[in-house]
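S.K.:
There are 2 protein chains.
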Amino acid sequence: MKLLDDFELFGNIAKAENFINRIKDGKFLFSLVISYTETCEIPGITFAGADKESIQYTPPADAEYLHYGNCKTIDKIPMTPDGKPTPALLTKTALESSSIPHIVINAGSKISPQLPFIQTGLSPGKNISINPAMTDLQVSQAVNYGRIIGRTLASITDCLIIGESIPGGTTTALAVMKALGYKAKVSSSIPNNPVVLKNQIASMALDRINSDNPYDVIAKVGDPMIPFVTGMLSAASEINPIMLAGGTQMTAVLAFASKIGFNEKNTAIGTTSYISDDESANFKNLVSEIADVPAIAVNPLLKNSKFPGLRAFSEGFAKEGVGAGGTIIASLLKNRNNSSKFLELAEKEYGRIFTSQ
Amino acid sequence: MKLLDDFELFGNIAKAENFINRIKDGKFLFSLVISYTETCEIPGITFAGADKESIQYTPPADAEYLHYGNCKTIDKIPMTPDGKPTPALLTKTALESSSIPHIVINAGSKISPQLPFIQTGLSPGKNISINPAMTDLQVSQAVNYGRIIGRTLASITDCLIIGESIPGGTTTALAVMKALGYKAKVSSSIPNNPVVLKNQIASMALDRINSDNPYDVIAKVGDPMIPFVTGMLSAASEINPIMLAGGTQMTAVLAFASKIGFNEKNTAIGTTSYISDDESANFKNLVSEIADVPAIAVNPLLKNSKFPGLRAFSEGFAKEGVGAGGTIIASLLKNRNNSSKFLELAEKEYGRIFTSQ
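As you go down the protein sequences, you meet chains D and Z in turn.
Each residue of the first sequence is one higher than the one before, counting from -2 in the numbering used here.
Each residue of the second sequence is one higher than the one before, counting from -2 in the numbering used here.
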């Protein structure tokens, strides 16, 4: 299939090809899980927001932008402090160009988006450098609610794509993977990845762990997104193919899922090449180490863009998030498109945002 | 098709047969819209709850029962004051026996259900005998949010079924239809239908109307469910077949929809024969008067039940609600079943509830 030229497959290659063949002619549904961890309030930990105050608005604003093409809770779409746009721009381009429907799920976001969304009632996670993230009960609740939603959504589509928007989430993901015994190095929304700081925070959180119980581990060092998406995956993968759309944070989901059970045969990770090629992280090895689940990376060719704000993704800013990689993969499959065409559409959307506002 | 023996078709019969043929082999999705109007607090207006205090819990409890098989916000499933069960029992039997997925939408319920649901942020409606139900802005918001949800849900299924749970909703439906110029007589959850009281309340509400604008009419005498479901129908019927599952209240939706626009070709009403045969109401004529939309009524044969609590539906209690008629129709189509088999399953569920609790 010509399309495979645009994808890099890793993990079990035969499984990856098989996964693509199973999903390419079916219906896709994208679910965006928005959440929050107070860990993102630690200075220097994330660029997912123009300043400290605005970080909490990034998840609902990402959701609003996907729906409306602009935001309601803030004036402009989420940006880094120096004006580089949220990866939701890539997601929006992918979804809109391929008419893939999407639904927003609030699993612990501090702020609700101004649009209809699936409500779970889950609370934001605490700052893991000073507190347990959640109680064990909250983790169970998140998993159970994830299961309900995952079962419903998987049963009404042929392939469920799950993405996330949770600032600071790579740090909690790092802590979770370390706590579950994986040699994780993680990606970041910041090009000069603050590895030392992330490891420091993870260590402080890990010191709080006093049991091998994976639910307890997540409660101590995770965030609400991880158990919720794990619950979704666990139930949904029993029904239909599921694509976890993301990088580091989805490997943490995979790590927890491998403890509580899920169907590997129906699971793949979809991401951007900016994650899989990130030398400060070890995404490819991590996925293989955690589970026999294939991964698919797409290169959206943003380094060829005429816009610096799009080229930035290829230079290490934001890299992935809001399900960008997975939804680009789905859009290319559905449209029988290639990455050059996608770049053209992304530039058009970039132009629309930055000239119309 | 043998199945048609179990259905009574009315309105445009050819259209009804065509609608059934288009949906019978596809995927169904049931959406339950829960809402609230303070009109239900008027003594004698509804039996949808064991007592005045518990009526507000009926919508979330219906939703919880569909999901879990029991309720979380109250101890037992919703009942009339003398212990007759909610029509959700029929819906649950239908959905479970045919593995039709469902999703709950909170469009103004006073109490949130303890499960994941689609949140709209809409407020409960006011008591129309003393106040406008909503502001015009709230009506627009409800329609817009309904459109978003309707578009999403219709695009991920082959036939979207929409049901409601809103105690007191037949009174607001009556007022809406009168205000929009239809000679409506409505059904009730009470066998000795409090027609005089309902008409009195509707009249008081109608006195408040001072414009022909349909949005303004809904704001003055409606409830949040009506504009929300109308918005859903309006957007969803442009995409795929939609079955409005209900009686009187869905005719009010149809009345408002015929003012703001929807696709008649993709729309049908599905209900129980207890509604279409109700001599105190005029359901059949009303539907034809409002729009060229077919209606399908199923007789679930509950008068043959060994349980008085099930026979009661055929004797005028509750009759319909929580999408019972529409989901029974879908389950018979999907299972290639008949009403006798359905009765057997409903009795099993009745037995489970009343012996296990």
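Where is the CB? At the ideal position from N, CA and C, for every residue including glycine.
Using a Cβ-Cβ cut-off of 8 Å (strictly less than) and excluding sequence neighbours within five positions of residue 284 of chain D, which residues of its own chain qualify?
M.R.: Counting only Cβ-Cβ distances below 8 Å, and skipping sequence neighbours, we find 7, 8, 248, 251, 266, 290 and 292.
S.K.: Using a Cβ-Cβ distance cut-off of 8 Å, determine whether residue 117 of chain D contacts chain Z.
M.R.: yes
S.K.: Under a three-way DSSP split, which group does residue 7 of chain D fall into?
M.R.: strand
S.K.: Whole angstroms are fine: how far does the CA of residue 298 of chain Z sit from the CA of residue 255 of chain D?
M.R.: 48 Å
S.K.: Using beta-carbon positions only, say whether residue 66 of chain D and residue 55 of chain D come within less than 8 Å of one another.
M.R.: no
S.K.: Compute the distance between the beta-carbons of residue 315 of chain D and residue 186 of chain D, then report whether it is under 8 Å.
M.R.: yes
S.K.: Rank D:68, D:176 and D:322 by C-alpha distance to the C-alpha of residue 219 of chain D and give the top, closest one.
M.R.: D:176
S.K.: Given this structure, state the Cα-to-Cα distance separating residue 343 of chain D from residue 328 of chain D, to the nearest angstrom.
M.R.: 12 Å
S.K.: Less than 7 Å between C-beta atoms, sequence neighbours within five positions excluded: which residues of the same chain meet that for residue 304 of chain Z?
M.R.: 344 and 347
S.K.: Which same chain residues, not among the five before or five after residue 37 of chain D, have their C-beta less than 6 Å away from its C-beta?
M.R.: 43, 52, 164 and 165
S.K.: Under 8 Å, Cβ to Cβ, is there at least one residue of chain Z near residue 330 of chain D?
M.R.: no
S.K.: My output table needs one value for residue 146 of chain Z: the three-state DSSP class, helix, strand or coil.
M.R.: In the three-state reduction of the DSSP assignment, residue 146 of chain Z falls in the helix class, which pools H, G and I.
S.K.: What residue does the alpha helix (DSSP H) around residue 159 of chain D start on, and which one ends it?
M.R.: Unbroken run through residue 159 of chain D is the beta strand (DSSP E), 156 to 162; no alpha helix (DSSP H).
S.K.: What does residue 98 of chain Z touch in chain B if you count any residue whose Cβ is under 7 Å from its own?
M.R.: Within the model displayed, chain B is absent; protein chains D and Z are what it includes.
S.K.: How many angstroms separate the CA atom of residue 123 of chain D from the CA atom of residue 133 of chain D?
M.R.: Rounded to whole angstroms, residue 123 of chain D and residue 133 of chain D show a C-alpha spacing of 13 Å.
S.K.: Could you give the residue range of the beta strand (DSSP E) that holds residue 267 of chain Z?
M.R.: 264 to 269
S.K.: Measure from the C-beta of residue 114 of chain Z to each C-beta in chain D and report whether the shortest distance is under 8 Å.
M.R.: yes
S.K.: Between the stretch 67 to 74 of chain Z and the stretch 139 to 146 of chain Z, do three or more beta carbon pairs fall short of 8 Å?
M.R.: no
S.K.: Quick one: which unbroken beta strand (DSSP E) runs of 3-plus residues sit fully inside the stretch 264 to 340 of chain Z? Chain order, please.
M.R.: 264 to 269 and 292 to 295
S.K.: How about residue 24 of chain D: is its C-beta nearer than 8 Å to some C-beta of chain Z?
M.R.: yes
S.K.: Within a Cβ cutoff of 6 Å, which residues of the same chain sit near residue 40 of chain D, ignoring the five residues on either side of it in sequence?
M.R.: none
S.K.: From the DSSP output, which residues share a beta bridge with residue 82 of chain D?
M.R.: D:76
S.K.: For a quick check, are the C-beta atoms of residue 151 of chain Z and residue 172 of chain Z less than 8 Å apart?
M.R.: Not a contact, by the Cβ cut-off of 8 Å.
S.K.: Since residue 115 of chain D sits in a beta bridge, which residues does DSSP pair it with?
M.R.: D:102 and Z:115
S.K.: How is residue 174 of chain D classed by DSSP in three states: helix, strand or coil?
M.R.: helix
S.K.: Can you tell me the Cβ-Cβ gap for residue 317 of chain Z and residue 271 of chain Z, rounded? I've got them flagged as a contact below 8 Å.
M.R.: 6 Å
S.K.: Would you say residue 350 of chain D faces chain Z, with C-beta separation under 8 Å as the test?
M.R.: no
S.K.: Would residue 158 of chain Z count as contacting chain D if we go by Cβ distances under 8 Å?
M.R.: no
S.K.: Round the Cβ separation of residue 325 of chain Z and residue 339 of chain Z to the nearest angstrom and send it over; I've been treating them as touching at under 8 Å.
M.R.: 6 Å
S.K.: Given a limit of 7 Å on CB to CB distance, which residues of the stretch 186 to 204 of chain Z reach chain D?
M.R.: none
S.K.: Inspect the beta-carbon positions of residue 20 of chain D and residue 330 of chain D and report whether they are closer than 8 Å.
M.R.: yes
S.K.: In whole angstroms, what separates the C-alpha of residue 260 of chain Z from that of residue 231 of chain Z?
M.R.: 7 Å
S.K.: Taking only beta carbons into account, state which residues of the stretch 301 to 333 of chain Z come closer than 9 Å to chain D, listed in chain order.
M.R.: none
S.K.: Can you tell me which of D:156, D:215 and D:306 puts its alpha carbon nearest to the alpha carbon of residue 79 of chain D?
M.R.: D:306
S.K.: Got a sec: which bits of the stretch 129 to 144 of chain D sit with their beta carbon under 8 Å from any beta carbon on chain Z, in order along the chain?
M.R.: Listed by position, the residues of the stretch 129 to 144 of chain D near chain Z (Cβ gap below 8 Å) are 142.
S.K.: Just confirm the distance between the C-beta atoms of residue 205 of chain D and residue 217 of chain D, as a whole number of angstroms; I'd bet it's less than 8 Å.
M.R.: Confirmed, Cβ separation roughly 5 Å.
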